[in-house]
Amino acid sequence: MGSQLDPGPVDPIGPWSAQKHQLLHDYLSSYTTVMKGQRWCRDGYHYIDAFAGSGRPVLRDAHEQRYIDGSPRIALGIPNPFTTYTFIEMEPWRVARLRELKDEFPDRTIRVVPGDCNEVIVEKITPRIRHERFNRGFIFLDPFGINLAWETIEAVAETGALEIFLNFPTMGLNRAALHNELDGLTAERASQMNRVWGSEGWRDLIYERRQGLWEAREFKKAPTRAEHLGRLFIEHRLAKVFRHVSDPIVMTNSHGAPVYCLIFAGHNETGAKIAGSIFDRHQRRATGPQRRAGVDPTGTLPLIWTG
Ligand SMILES: C[S@@+](CC[C@H](N)C(=O)[O-])C[C@H]1O[C@@H](n2cnc3c(N)ncnc32)[C@H](O)[C@@H]1O
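In the numbering used here, the protein residues as written are 1147 to 1453.
So, in structure tokens, the structure goes:
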């Protein structure tokens, strides 16, 4: 095993998270390099980590365990910093670790906000970062499971000023709610699913009524594999509220099982082009040059839907 860990709780993280962190790093580095020269952006450009974690997760695999940089540290470490950094986290011990980042990065403006990001974003972020206020921002939405409400994403899109990377938790949704038959779903799970989707629209997209042995019942139309589910969410939800949305990048664990989809969404064309080329490069590395996943309806932007 690798290095000694401090006493106390740790954030375990799988080796597959490295891809997510690399994409985040590459996008943020390009984003602030572009924003640095934008004189109109008088009120700055802001980084918001909605599910921040402890900032220092522990990577565990068969051979070692060691601390790595979590998304807050990745964002703080880029050469051209954001004007401010807001880290939102619900778990008190992680909040305490995040606060230590203020000493470690004294030249960065850091705010740590304890609480549910669904409330914090709608109450504190989206009223302040808005297209008409000459400021911009980026929100990293990286939940563990199904704890991000559609209303939060909708409020973010409505500002016209915020871009997102969304970790769309396909494994979490499949495990919690999207079983082969709809009829057995509890009211609680159905309402969680409605909250994620923002309506009951998922029912007709995913299920159809078919004759069972004794009676007609709701069965899945097709298996809700990660890419399929990601595309449904993009086509029927994200692409309705953002001008540009990437194709989903499916992230798999060390057993090759899809865990979630990473999706970019935003309103700004430059941001979309940057995300498109970074995602495209990633896909080429992951799948080889001959299989370039994705739909490109405009024929101009790789891996991006443009509304
Ligand atoms: C996947 S981890 C974040 C990992 C981190 N983004 C990284 O890449 O290093 C999700 C985190 O969100 C926190 N969390 C869960 N629900 C939350 C909510 N509704 N609001 C804010 N934080 C939440 C959890 O405590 C956990 O630390």
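Beta carbons: idealized from backbone N, C-alpha and C, even for Gly.
Query raised in the report: If you check the beta carbons only, do L1328 and E1354 fall under 7 Å apart?
Result: no
Requested in this report: Please confirm if the stretch 1251-1260 is in contact with the stretch 1272-1286, defined as three or more CB-CB distances below 8 Å between the two stretches.
Outcome: Taking 8 Å as the limit for Cβ pairs, the verdict is that the stretch 1272-1286 does not touch the stretch 1251-1260.
Query raised in the report: Should E1250 be listed as close to ligand 1, given that the test is whether its C-beta is under 6 Å from any heavy atom?
Result: no
Query raised in the report: What residues are listed by DSSP as bridge partners for A1411?
Result: I1310 and V1391
**Report entry** For S1175 and I1224, the rounded distance between their alpha carbons
**Finding:** 6 Å
Query raised in the report: Between the C-alpha atoms of E1250 and S1217, what's the straight-line distance to the nearest angstrom?
Result: 15 Å
Report task. List the residues that DSSP assigns as beta-bridge partners of K1366. Result -> K1366 has Y1353 as its beta-bridge partners, per DSSP.
Query raised in the report: Any heavy atom of ligand 1 closer than 6 Å to the CB of S1217?
Result: S1217 Cβ: within cutoff of ligand 1.
Report task. Give a single yes or no on whether F1197 has its beta carbon closer than 6 Å to a heavy atom of ligand 1. Result -> yes
Query raised in the report: Which value, in whole angstroms, describes the spacing of the CA atoms of G1417 and R1185?
Result: 17 Å
Query raised in the report: Roughly how many angstroms lie between the CA atoms of P1161 and R1212, to the nearest whole one?
Result: 11 Å
**Report entry** Three or more C-beta pairs below 8 Å linking the stretch 1188-1206 and the stretch 1227-1243
**Finding:** yes
Query raised in the report: Got a sec, what are the start and stop residues for the beta strand (DSSP E) L1284 sits in?
Result: Strictly speaking, residue 1284 in this sequence is Phe, with Leu absent from that position. Counting along the chain, the beta strand (DSSP E) containing F1284 begins and ends at R1282 to L1287.
Query - Cβ-heavy atom distance, M1236 to ligand 2, below 6 Å - result: By its list of ligands, the structure shown excludes ligand 2, since it contains just ligand 1.
Requested in this report: Go through the stretch 1208-1254 residue by residue and report every complete run of the alpha helix (DSSP H) that reaches 4 residues or more, in order.
Outcome: 1217-1223 and 1238-1250
Report task. Give the single residue among G1347, S1163, R1219 and F1228 whose Cα lies nearest to the Cα of H1382. Result -> G1347
Query raised in the report: For I1424, which residues from the same chain have a beta carbon less than 8 Å from its beta carbon, with the 5 sequence-adjacent residues on both sides left out?
Result: L1169, D1172, Y1173 and S1176
Requested in this report: Given a cut-off of 7 Å, decide if I1310 and A1411 are closer than it, judged by their beta-carbon atoms.
Outcome: Going by C-beta atoms, A1411 is nearer than 7 Å to I1310.
Query raised in the report: Which value, in whole angstroms, describes the spacing of the CA atoms of R1243 and T1178?
Result: 25 Å
Query raised in the report: Cα separation between G1440 and T1433?
Result: With a pLDDT of only 44 at G1440, under the threshold of 50, the placement of this residue in the model should not be trusted; the figure read from the coordinates follows. Within the model, the alpha-carbon separation for G1440 versus T1433 is close to 12 Å.
Requested in this report: Could you check which residue in P1273, E1246, W1239 and L1247 has the C-alpha nearest to that of G1261?
Outcome: The residue with the shortest Cα to Cα distance from G1261 is W1239.
Query raised in the report: Which class does I1292 belong to by DSSP, given the choice of helix, strand or coil?
Result: coil
Query raised in the report: Among E1300, G1358, D1426 and T1316, which residue has its Cα nearest to the Cα of L1384?
Result: E1300
Query raised in the report: Would you say the beta carbon of F1290 comes nearer than 6 Å to a heavy atom of ligand 1?
Result: Yes; taking the cut-off as 6 Å, the Cβ of F1290 has a heavy atom of ligand 1 nearer than that.
Query raised in the report: Which residues in the same chain as L1447 place their Cβ atom closer than 8 Å to its Cβ, once the five residues preceding and following it in sequence are excluded?
Result: Confidence is the limiting factor: at L1447 the pLDDT is only 43, short of 50, which leaves the residue's position unreliable, though a coordinate-based value still follows. Cβ neighbours of L1447 beyond the five flanking positions: H1390, A1418, K1419 and G1422.
Query raised in the report: Closest by CA to T1316, which one among V1396, K1248 and G1306?
Result: The residue among V1396, K1248 and G1306 with its C-alpha nearest the C-alpha of T1316 is V1396.
Query raised in the report: Can you name the residues that DSSP bridges to M1397?
Result: DSSP lists Y1406 as the bridge partner or partners of M1397.
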